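Q:
Protein chains: 2
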Amino acid sequence: MREVAIIGAGETKYGEHWDKSLRDLVVEAGLKAVEDANITADDVQAIFGGNMSAGSFVGQDHVGALIADFAGVADKKIPAMRIESACASGAAALHAGYMAIASGMYDIVLVGGVEKMTDLPGDMVTDILAGAADREWEVFLGATFPALAAMMARRYMHEFGMTKEQMALFPVIAHKHGALNPDAHFQREITVDAVLKAPMVADPLTIMNCSPVSDGSAAVVLTSADMARKYTDSPIKISASAFANEYISLHSRESLIRSVSTIEAGRKAYKMAKKEPKDIDLVEIHDAFSIIAIEGIEDLGFAKKGEAWKLAEEGQLNLDGSLPYNPSGGLKAKGHPVGATGVGQVVEIVKQLRNEAGKRQVDGAEVGLAHNVGGTMTSSIVHILEVM
Amino acid sequence: MREVAIIGAGETKYGEHWDKSLRDLVVEAGLKAVEDANITADDVQAIFGGNMSAGSFVGQDHVGALIADFAGVADKKIPAMRIESACASGAAALHAGYMAIASGMYDIVLVGGVEKMTDLPGDMVTDILAGAADREWEVFLGATFPALAAMMARRYMHEFGMTKEQMALFPVIAHKHGALNPDAHFQREITVDAVLKAPMVADPLTIMNCSPVSDGSAAVVLTSADMARKYTDSPIKISASAFANEYISLHSRESLIRSVSTIEAGRKAYKMAKKEPKDIDLVEIHDAFSIIAIEGIEDLGFAKKGEAWKLAEEGQLNLDGSLPYNPSGGLKAKGHPVGATGVGQVVEIVKQLRNEAGKRQVDGAEVGLAHNVGGTMTSSIVHILEVM
Numbered sequence: 147m148r149e150v151a152i153i154g155a156g157e158t159k160y161g162e163h164w165d166k167s168l169r170d171l172v173v174e175a176g177l178k179a180v181e182d183a184n185i186t187a188d189d190v191q192a193i194f195g196g197n198m199s200a201g202s203f204v205g206q207d208h209v210g211a212l213i214a215d216f217a218g219v220a221d222k223k224i225p226a227m228r229i230e231s232a233c234a235s236g237a238a239a240l241h242a243g244y245m246a247i248a249s250g251m252y253d254i255v256l257v258g259g260v261e262k263m264t265d266l267p268g269d270m271v272t273d274i275l276a277g278a279a280d281r282e283w284e285v286f287l288g289a290t291f292p293a294l295a296a297m298m299a300r301r302y303m304h305e306f307g308m309t310k311e312q313m314a315l316f317p318v319i320a321h322k323h324g325a326l327n328p329d330a331h332f333q334r335e336i337t338v339d340a341v342l343k344a345p346m347v348a349d350p351l352t353i354m355n356c357s358p359v360s361d362g363s364a365a366v367v368l369t370s371a372d373m374a375r376k377y378t379d380s381p382i383k384i385s386a387s388a389f390a391n392e393y394i395s396l397h398s399r400e401s402l403i404r405s406v407s408t409i410e411a412g413r414k415a416y417k418m419a420k421k422e423p424k425d426i427d428l429v430e431i432h433d434a435f436s437i438i439a440i441e442g443i444e445d446l447g448f449a450k451k452g453e454a455w456k457l458a459e460e461g462q463l464n465l466d467g468s469l470p471y472n473p474s475g476g477l478k479a480k481g482h483p484v485g486a487t488g489v490g491q492v493v494e495i496v497k498q499l500r501n502e503a504g505k506r507q508v509d510g511a512e513v514g515l516a517h518n519v520g521g522t523m524t525s526s527i528v529h530i531l532e533v534m
Numbered sequence: 147m148r149e150v151a152i153i154g155a156g157e158t159k160y161g162e163h164w165d166k167s168l169r170d171l172v173v174e175a176g177l178k179a180v181e182d183a184n185i186t187a188d189d190v191q192a193i194f195g196g197n198m199s200a201g202s203f204v205g206q207d208h209v210g211a212l213i214a215d216f217a218g219v220a221d222k223k224i225p226a227m228r229i230e231s232a233c234a235s236g237a238a239a240l241h242a243g244y245m246a247i248a249s250g251m252y253d254i255v256l257v258g259g260v261e262k263m264t265d266l267p268g269d270m271v272t273d274i275l276a277g278a279a280d281r282e283w284e285v286f287l288g289a290t291f292p293a294l295a296a297m298m299a300r301r302y303m304h305e306f307g308m309t310k311e312q313m314a315l316f317p318v319i320a321h322k323h324g325a326l327n328p329d330a331h332f333q334r335e336i337t338v339d340a341v342l343k344a345p346m347v348a349d350p351l352t353i354m355n356c357s358p359v360s361d362g363s364a365a366v367v368l369t370s371a372d373m374a375r376k377y378t379d380s381p382i383k384i385s386a387s388a389f390a391n392e393y394i395s396l397h398s399r400e401s402l403i404r405s406v407s408t409i410e411a412g413r414k415a416y417k418m419a420k421k422e423p424k425d426i427d428l429v430e431i432h433d434a435f436s437i438i439a440i441e442g443i444e445d446l447g448f449a450k451k452g453e454a455w456k457l458a459e460e461g462q463l464n465l466d467g468s469l470p471y472n473p474s475g476g477l478k479a480k481g482h483p484v485g486a487t488g489v490g491q492v493v494e495i496v497k498q499l500r501n502e503a504g505k506r507q508v509d510g511a512e513v514g515l516a517h518n519v520g521g522t523m524t525s526s527i528v529h530i531l532e533v534m
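Same order as they appear, the protein sequences are chains A and B. For my numbering, count along the first sequence from 1 and bump the result up by 146. For my numbering, count along the second sequence from 1 and bump the result up by 146.
1) My output table needs one value for B:His-432: the three-state DSSP class, helix, strand or coil.
2) In chain order, what residues of the region 291 to 314 of chain B put their CB closer than 9 Å to some CB of chain A?
3) Does the separation of the CB atoms of B:Gly-452 and B:Glu-305 fall below 8 Å?
4) Grab the span of the beta strand (DSSP E) containing B:Thr-369 for me, first residue to last.
5) In whole angstroms, what separates the C-alpha of A:Lys-424 from that of A:Val-406?
6) In chain B, which residues lie with their C-beta within 8 Å of the C-beta of A:Leu-212?
7) Nearest to A:Leu-266 by CA position, among A:Val-338, A:Ala-246, A:Ser-167 and A:Met-297, is which residue?
8) Expressed to the nearest angstrom, what Euclidean distance is found between the alpha-carbon atoms of B:Ala-295 and B:Thr-522?
9) Determine the contact status of A:Val-513 and A:Glu-532, defining contact as a CB-CB distance below 8 Å.
10) Return yes when the Cβ of B:Ala-388 is within less than 8 Å of the Cβ of B:Lys-420, no when it is not.
11) Helix, strand or coil: how does DSSP classify A:Met-346 here?
12) Suppose contacts are defined by Cβ-Cβ distances below 8 Å. Is B:Ala-411 in contact with B:Ala-434 by that definition?
13) Bridge partners for A:Lys-414 per DSSP, in chain order?
14) Anyone know if the C-beta pair for B:Ala-330 and B:Lys-480 falls short of 8 Å?
15) Contact check, B:Ala-151 vs B:Met-534 under 8 Å by CB: the rounded distance?
16) Drop a sphere of 10 angstroms on the beta-carbon of A:Gly-268, count the other beta-carbons inside from all chains shown, and report buried for 16 or more, exposed for fewer.
17) Given that A:Glu-410 touches chain B, what residues does it touch there, using C-beta distances under 7 Å?
18) Name the residue from A:Ala-211, A:Asp-427 and A:Glu-400 whose alpha carbon lies nearest to the alpha carbon of A:Asn-464.
19) Kindly say whether B:Asn-391, judged by its beta-carbon, lies nearer than 8 Å to any beta-carbon of chain A.
20) Identify whether B:Asn-327 lies in helix, strand or coil by the three-state DSSP scheme.
21) Under 8 Å, do A:Ser-363 and A:Gly-258 count as touching if we go by C-beta distance?
22) Tell whether a beta-carbon distance below 8 Å holds between A:His-321 and B:Gly-520.
23) Closer than 8 Å is the cut-off here; do at least three beta carbon pairs connect the region 234 to 249 of chain A with the region 361 to 378 of chain A?
24) Taking only three categories from DSSP, how would you classify B:Met-245?
25) Rounded C-beta distance between A:Asn-197 and A:Gly-485? I'm assuming under 8 Å.
26) Buried or exposed for A:Glu-441, please, with buried defined as at least 16 other CB atoms from any protein chain shown within 10 angstroms of its CB.
27) For my contact list, A:Leu-256 and A:Ala-374 are in at a C-beta cut-off of 8 Å; report their separation, rounded to the angstrom.
28) Contact criterion: CB-CB distance below 8 Å. Does A:Ile-440 meet it with respect to chain B?
29) Hey, quick one: how far does the alpha helix (DSSP H) through B:Glu-305 stretch, first residue to last?
30) Run down chain A in chain order and give the residues with a C-beta less than 8 Å from the C-beta of B:Arg-228.
31) As a quick exercise: from A:Phe-203, A:Ser-360 and A:Ile-193, pick the residue whose alpha carbon is nearest that of A:Tyr-252.
32) Which term fits B:Gly-461, buried or exposed, when burial requires 16 or more other beta carbons within 10 angstroms of its beta carbon?
33) Run down chain A in chain order and give the residues with a C-beta less than 8 Å from the C-beta of B:Val-204.
34) Assuming the contact rule is C-beta atoms closer than 8 Å, A:His-529 and A:Ala-386 should be a hit. Round their C-beta distance to whole Å, please.
35) Taking only the alpha-carbon atoms, compute the straight-line gap between A:Ser-474 and A:Pro-317 and give it to the nearest angstrom.
36) Short check: CB of B:Met-147 to CB of A:Gly-324, under 8 Å?
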């Protein structure tokens, strides 16, 4: 297999884009990535587009073809396909793009992620997102996604005695970092008290434990590691791209307090990159709900089971801590346009490793890890990136 | 790149499966392919699932995870993702699976395709399928998919003087072959007169020029060519996997009478496989509408532009002709469960090349070509398979 590098990265602001359509968003991010790679769109040989539900959100399937057309490369007749793995669609597209370069089939590929979610009322959005769970055995019986996450949180709190105050530290840190990110959906700090007093969505999760509904897009340009310096002085190597799935329904699992897909994707990624948790300088963790981030941090080996909240309490997750956590603001503050999220996490790590992250820069960052999850931690995808 | 081979193939009957859900269909096809490959599901290292619109048809996204779970391999924690390229989703999944083996990232992968379309009323199905076109610039202005295909047919007939009678030969041949396929949606012959007198959908296309709405699933198991004989005595090599896109909207194109994406995918495929049209022993051509098959046959180099109907009239497209056409029955008679179609075409070619196609067997078939299209020939994917 050829080694793979990122030579360009770009994204839109995340938020409610009333004035931009799906195609506007993905073209904006894609062209930023292309420009950043010092290539033109005509150099792109294939497109992999991460998207969860454009068919349901905006009535548009065939998203790969749409991207190729509106990015202005239809006359180049290149392949373009959409990749879907629920909220992990972005990282799944990156995994597919990684194989496209590693195989030698294509030399330069564009990996994009996009979701346009705010054109529908909230109850319809919630129903569409529930399609990431088992429609027949979870959703038809009344579960929404926040309700499923709340069951995970309740069990976790029962096992380990974590309090709502301790859980609230995670969105507080995410917002502290998001306040420094001009592309974040929410650029303001919040307090533990604000999290606890926010409207309850599914006990114990208030709305401040839940990521928002966002529009947005992110993109990266990949090539082989040995060709990367032809295009840029600061290529970033993808040292690992690892993907694992487990049972789609909560009720099929042995445990609600750990994610076997995250454990497996992490194990494979560390092995592939020849790294250990202590080698990681910063992380972008999937915090669609606070409990998912907490289990993710533990299951990736950054804290003992039941103790992730201690890292938060000790300040280790701050930008100057031992494990800078979601410097972008994470899904909670940067936003969660589901198909874009996994690519956007990687865009943030690229910026950090290039020392281009502005006010939220993590000093001396050389190795970063991105953790993107689909469903109730059903699919987990881990990428490890490093300076080369 | 490693060479890639198919070691197992399986599919469900295509048709209206009132008693089977999406997951039932895909698991049936997947397990048939696994059994045919002389492996167990536990040997599968990754799953690529072609599906166009399960989110809209049955409210289920995260289709890769669902397949892995209900195929019984959730405890293996393997990657599983969905690939979408409208009606070419099946072949797009095969293209992704091809790269997964070619890269060396995985050694055995399952490529499945599935669509469950008959749970909704026809007008809703038509609207969902229109998501393969440009929703904002074609569909919002009133176009349906049959209407777009009808515009292609009208222009073609205007340019070349092809009659409705001549166009009707294509569904007639498809049904003649489908009548020999026990897995086909429609297993009966039709006449030119029946095509002409059938209800008009979009002039000049009657309902007999249009493929049906079908449920179904198909799957193949891939490994590297050098490992293939460990599993089977009759591996089939994938000599080419080529994918091209063009403008998504008809109104953006220079011509309605040829498909530049099919021309390009064919060119790349012939080059990759070191074959010419004359080397192909049989074809599965995408006949979602008769006009699409006609342009496909010509654009792949099997007939001069404007003359595909002559092949039909001369009997060259029959099972004993020079270019056996859609021996499975094609999309028109075998059926068109959109996400499954591209994989199902390849399943048919595998059966033919193994001399296992029963009453519809093409004598001495050693090289076959599958042509799968998304949208109004927006994306075209060509696979060439051969006996190894």
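We treat Cβ as the ideally placed atom computed from N, Cα and C, and that holds for glycine. In this text, all values refer to a predicted model and were calculated from it rather than measured experimentally.
A: Judging by the given coordinates:
1) Start at 1 with the first residue of the second sequence, and residue 432 of chain B comes out as number 286. Residue state for B:His-432 is assigned as coil, using DSSP reduced to three classes.
2) none
3) The residue labelled residue 452 of chain B in the question sits at position 306 within the second sequence. The residue labelled residue 305 of chain B in the question sits at position 159 within the second sequence. Cβ distance < 8 Å, so B:Gly-452 and B:Glu-305 count as in contact.
4) Here residue 369 of chain B corresponds to residue number 223 of the second sequence, with the count starting at 1. Unbroken beta strand (DSSP E) run through B:Thr-369: 362 to 370.
5) Residue numbering aside, residue 424 of chain A sits at position 278 when the first sequence is read from its first letter. Residue numbering aside, residue 406 of chain A sits at position 260 when the first sequence is read from its first letter. If you take the alpha carbons of A:Lys-424 and A:Val-406, they lie about 21 Å apart.
6) Numbered from its first residue, the first sequence carries residue 212 of chain A at position 66. Correct list: Asp-280 and Ile-394.
7) To locate residue 266 of chain A, count along the first sequence from 1; it is residue 120. It is A:Ser-167.
8) Walking along the second sequence from the start, residue 295 of chain B turns up at place 149. Walking along the second sequence from the start, residue 522 of chain B turns up at place 376. Cα to Cα, the separation comes out at about 7 Å.
9) For the purposes of this step, residue 513 of chain A is identified with residue 367 of the first sequence, where counting begins at 1. For the purposes of this step, residue 532 of chain A is identified with residue 386 of the first sequence, where counting begins at 1. Cβ atoms of A:Val-513 and A:Glu-532: closer than 8 Å.
10) Here residue 420 of chain B refers to the residue found at position 274 of the second sequence. Here residue 388 of chain B refers to the residue found at position 242 of the second sequence. No, the pair does not count as a contact, with Cβ atoms beyond the cut-off.
11) Translated into the one-based positions of the first sequence, residue 346 of chain A becomes position 200. DSSP places A:Met-346 in strand when its eight states are reduced to three.
12) Within the second sequence, numbered from 1, the residue matching residue 411 of chain B stands at position 265. Within the second sequence, numbered from 1, the residue matching residue 434 of chain B stands at position 288. Cβ atoms of B:Ala-411 and B:Ala-434: not closer than 8 Å.
13) Taking the first residue of the first sequence as position 1, residue 414 of chain A is located at position 268. A:Lys-414 is not bridged to any residue.
14) By one-based count along the second sequence, residue 330 of chain B stands at place 184. By one-based count along the second sequence, residue 480 of chain B stands at place 334. Against a cut-off of 8 Å, the Cβ pair of B:Lys-480 and B:Ala-330 comes out as a contact.
15) Working through the second sequence from its first residue, we reach residue 151 of chain B at position 5. Working through the second sequence from its first residue, we reach residue 534 of chain B at position 388. That belief holds up - the Cβ atoms of B:Ala-151 and B:Met-534 are roughly 6 Å apart, short of 8 Å.
16) The residue you call residue 268 of chain A lines up with position 122 of the first sequence. Flag for A:Gly-268 reads exposed.
17) Taking the first sequence and counting its residues from 1, one reaches residue 410 of chain A at position 264. Under the 7 Å cutoff, chain B gives Lys-223.
18) One-based indexing of the first sequence puts residue 464 of chain A at position 318. It is A:Asp-427 whose Cα lies nearest to the Cα of A:Asn-464.
19) Position 245 of the second sequence, counted from the start, is the residue given in the question as residue 391 of chain B. Interface residue, yes.
20) Mapped onto the second sequence, residue 327 of chain B falls at position 181. Residue state, collapsed to three classes: coil.
21) To locate residue 363 of chain A, count along the first sequence from 1; it is residue 217. To locate residue 258 of chain A, count along the first sequence from 1; it is residue 112. For A:Ser-363 and A:Gly-258, yes; Cβs fall inside 8 Å.
22) Position 175 of the first sequence, counting from 1, holds the residue named residue 321 of chain A. Position 374 of the second sequence, counting from 1, holds the residue named residue 520 of chain B. The criterion of a C-beta distance shorter than 8 Å is not satisfied by A:His-321 and B:Gly-520.
23) In short, these stretches touch, since the Cβ pair count reaches three.
24) Within the second sequence, numbered from 1, the residue matching residue 245 of chain B stands at position 99. Helix.
25) Mapped onto the first sequence, residue 197 of chain A falls at position 51. Mapped onto the first sequence, residue 485 of chain A falls at position 339. Indeed they touch by this definition, with Cβ atoms about 4 Å apart.
26) Position 295 of the first sequence, counted from the start, is the residue given in the question as residue 441 of chain A. Buried, by the Cβ-count rule.
27) Translated into positions along the first sequence, residue 256 of chain A becomes position 110. Translated into positions along the first sequence, residue 374 of chain A becomes position 228. With a Cβ gap of about 15 Å, A:Leu-256 and A:Ala-374 do not count as contacting.
28) As a working note, residue 440 of chain A is residue 294 in the first sequence. For A:Ile-440, the answer is no, since every Cβ of chain B falls outside 8 Å of its Cβ.
29) As a first step, residue 305 of chain B must be located in the second sequence, where it is residue number 159. 291 to 306 is the extent of the alpha helix (DSSP H) around B:Glu-305.
30) Within the second sequence, the letter at position 82 stands for residue 228 of chain B. The answer, in chain order, is Ile-229, Glu-230 and Ser-231.
31) Taking the first sequence and counting its residues from 1, one reaches residue 252 of chain A at position 106. Among A:Phe-203, A:Ser-360 and A:Ile-193, the Cα nearest to that of A:Tyr-252 is on A:Ile-193.
32) Position 315 of the second sequence, counting from 1, holds the residue named residue 461 of chain B. Its Cβ having fewer than 16 others within 10 Å, B:Gly-461 is exposed.
33) By one-based count along the second sequence, residue 204 of chain B stands at place 58. By Cβ distance, chain A contributes Arg-281.
34) Here residue 529 of chain A refers to the residue found at position 383 of the first sequence. Here residue 386 of chain A refers to the residue found at position 240 of the first sequence. Their Cβ separation, rounded to whole angstroms, is 6 Å, which keeps A:His-529 and A:Ala-386 in contact under 8 Å.
35) Here the question's residue 474 of chain A lines up with position 328 in the first sequence. Here the question's residue 317 of chain A lines up with position 171 in the first sequence. Straight-line Cα distance between these residues: approximately 12 Å.
36) Counting from 1 along the second sequence, the entry for residue 147 of chain B is found at position 1. Counting from 1 along the first sequence, the entry for residue 324 of chain A is found at position 178. Not a contact, by the Cβ cut-off of 8 Å.
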